[in-house]
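Below: one structure, written as structure tokens.
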Amino acid sequence: MMNRFIKNNNHNKPYHIISMNAPDSAIAEQYRKLHTNIDYSSFNKELKIINLTSSFPGEGKTVTVLNLAVVYSQANQKTLIIDMDLRKPKIHRAFNLSNTQGLTSVAIHGKDKSSVIQQISENLHVLPAGDKMPFPVEFLTSKQLQNVITELKGEYDKIIIDCPPMTAVTDASVISKLTDGTILIVTSRKTNEDVAKAVLKTLKDNGANVIGSVLTKVHRKDQKYISGYYYNNYTDE
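Number 278 marks the last residue of the sequence shown (the working numbering); no jumps.
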């Protein structure tokens, strides 16, 4: 049953976005609950730009980004997904888009962002990563990128950013400084508790506003014992 919703191992195949393709499903409802919990957690602080990261690859980060953005767009909020995994960009695959132009084209080469951002539906837009960068930290800390993010913040109700995993590179910590809130993806029965705590400490030490965690790949028999996490059953990197 679960295999219906898991990405094909062929990297040329797109992700299955369940909130878009099966909006009435129980799993899609979990993403709507996540949307609601994020909004209620902000109190008097606006959480307009949110980035998601994880400890390791394969924990469900990208699928959570995609589905969270979809449910925001379905709630009539103009939503933008930005792929900031500049080493291994994946967001474009979800919508069968080209990645030849994207964020790097706008910030580095001065490309008009309106010609690079792709409209998926009335309220959902995607800004692919663009050119792969083996050492993107200099780009992520650049004034050019900060200016682009500031401009986009004025144009969208919600911006959801996909970041690389924390244990692979330091990019997510740098990106967190550009956002209003950071969410850590944690995988049930897989993510080591000490590693997750170390990742959280690193994020906070670098100034990230960690607003919560999403527990993914939860076994049904474990759900009644889980509290303090948002969770969903379908995730795959």
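Backbone N, C-alpha and C define an ideal beta-carbon position, used for all residues, glycine too.
Original post:
Going straight from the alpha carbon of Tyr266 to that of Ser229, what length do you get?
Top reply: Bear in mind that the predicted position of Tyr266 carries a pLDDT of just 36, short of 50, making it too unreliable to give a figure here.
**OP:** Using three-state DSSP, classify Ser254 as helix, strand or coil.
**Re:** strand
**OP:** Mark Pro175 as exposed unless 16 or more other C-beta atoms lie within 10 angstroms of its C-beta, in which case mark it buried.
**Re:** exposed
**OP:** With a floor of 4 residues, list each alpha helix (DSSP H) that falls wholly inside the region 108-141, ordered by position along the chain.
**Re:** For the region 108-141, the continuous alpha helix (DSSP H) assignments of 4+ residues that do not extend past its boundaries occur at 132-135, in sequence order.
**OP:** State the beta-bridge partners of Val215 as determined by DSSP.
**Re:** Paired residues: none, contrary to the question.
Original post:
For His76, which beta-bridge partners are listed by DSSP?
Top reply: His76 pairs with nothing; no bridge assigned.
Original post:
How about Val106 and Leu93: are their beta carbons less than 8 Å apart?
Top reply: yes
Original post:
Mapping DSSP to helix, strand and coil, what is Ser232?
Top reply: Reading off the sequence, residue 232 comes out as Thr, not Ser. Here Thr232 sits in coil by DSSP.
Original post:
Taking the alpha helix (DSSP H) that Lys199 falls in, what are its first and last residues?
Top reply: That residue, Lys199, is in no alpha helix (DSSP H); its beta strand (DSSP E) goes 199-203.
Original post:
What's the C-alpha gap between Met61 and Leu109?
Top reply: 10 Å
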